[in-house]
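Residue numbers (the UniProt record's numbering): 1 to 130.
For glycine and all other residues, C-beta sits at the position ideal for the given N, C-alpha and C.
All values derive from a computational prediction rather than experimental measurement.
Contents: one structure, followed by commentary.
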Amino acid sequence: KTATACAFAKQGRGLIKVNGQPIENIEPAPLRLKAFEPVLILGQEKFNNLDIRIRVKGGGMTAQIYAIRAAIAKSIVAYHAKYVDESSKNELKATLMNYDRNLLVSDPRRCEPKKYGGRSARSRFQKSYR
1 KTATACAFAK QGRGLIKVNG QPIENIEPAP LRLKAFEPVL ILGQEKFNNL DIRIRVKGGG
61 MTAQIYAIRA AIAKSIVAYH AKYVDESSKN ELKATLMNYD RNLLVSDPRR CEPKKYGGRS
121 ARSRFQKSYR
């Protein structure tokens, strides 16, 4: 919700860096595997000639990991759309969508603002008849 990650993909040697650090340095290990999911789904050979630089801020540790994995997935799709061909982009997109839709589409749920006549967005003040 509040964690944002911005990824830049360019031709390179297959490095993926998060805030200047290699992605292999992410702790704890289960969350590191979650961040690696796009690489594992699409295969390492798709990333061998790409450098991906990711900036992430806001949110907590888990939210940042989910933002990172979405940014990696979106950046490789955008790279293939711009520098490779349309058919490979569609193939990558379909593979990622079949695995997990949240890799390419963000979760639209946000906190609803409070309204008058109650203590929160939906609940109302208690009503007394006597």
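Query: For Gly60, the nearest candidate out of Ser106, Thr2, Lys127 (CA to CA); Result: Thr2
Query: Of the residues Val39, Ala5, Pro30, Lys34, the one placed nearest Gly14, counting alpha carbons only; Result: Val39
Query: For Tyr116 and Arg124, the rounded distance between their alpha carbons; Result: 9 Å
Query: Whole-angstrom distance between Ala70 and Thr62, CA atom to CA atom; Result: 13 Å
Query: Tyr129 classed as buried or exposed, judged by whether at least 16 other C-beta atoms fall within 10 angstroms; Result: exposed
Query: Distance between beta carbons of Ala35 and Ile68, contact taken as under 8 Å; Result: 5 Å
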